[in-house]
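Below is one structure, written out as structure tokens; the observations come after it.
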Amino acid sequence: MLNNIEHIGIAVKNADESIQLFNALFNTKPYKEEAVLSEHVRTVFYKTGETKIELLQATHEDSAIAKFIDKKGEGMHHIAFAVNDIYAEITRLKAEGFVFINETPKQGADNKLIAFMHPKSSNGVLIELCQEIKG
Ligand code: ZN
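First residue of the sequence shown: 78, per this note's numbering; consecutive thereafter.
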């Protein structure tokens, strides 16, 4: 099953500029910043109350974030749900007919194993499953 919303991802053109904006919005600074080299993205994480927000900036024109912003502009990019067993959830959701962008979980930002579902199979919403890597 899908647990709580782990974070919401927001695509931004320029994280340095967006950090100023989100610092003011949340009245706090990011708790983590991390480059995910395989995805060509720079991620910036905020925590406000129980909610985590991930800003994503493309670091290369081939990045999925660059393509997303070209098509749709800046804005909400994905919703990530925490799962206890990402492999079991992928198997379950595939059996329900959902399509994955990556069926094999990969290392994401913030010490997580992640898998993205194709938005075409979920009413246009890009859903990320993420499981905390223990130890
Ligand atoms: Zn994410």
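C-beta atoms are modelled at their ideal positions from N, C-alpha and C, and glycine is treated no differently.
- Any heavy atom of the ligand ZN within less than 6 Å of residue CB: hits in chain order: HIS84, GLY86, GLU131, HIS155, ALA157 and GLU205
- Query: How would you label ASP187, buried or exposed, when you count the other beta carbons within 10 angstroms and need 16 or more for buried?
  - Reply: buried
- At least 3 beta-carbon pairs within less than 8 Å: the segment 97-108 vs the segment 158-173: no
- Query: Which first and last residues belong to the alpha helix (DSSP H) in which TYR164 is found?
  - Reply: 163-172
- Message: Could you compute how far the alpha carbon of ASN179 sits from the alpha carbon of ILE156?
- Response: 16 Å
- 9 Å Cβ cutoff met for ALA159 and GLU209: yes
- Query: Would you report the Cα separation of LEU206 and ASN91, rounded to the nearest angstrom?
  - Reply: 25 Å
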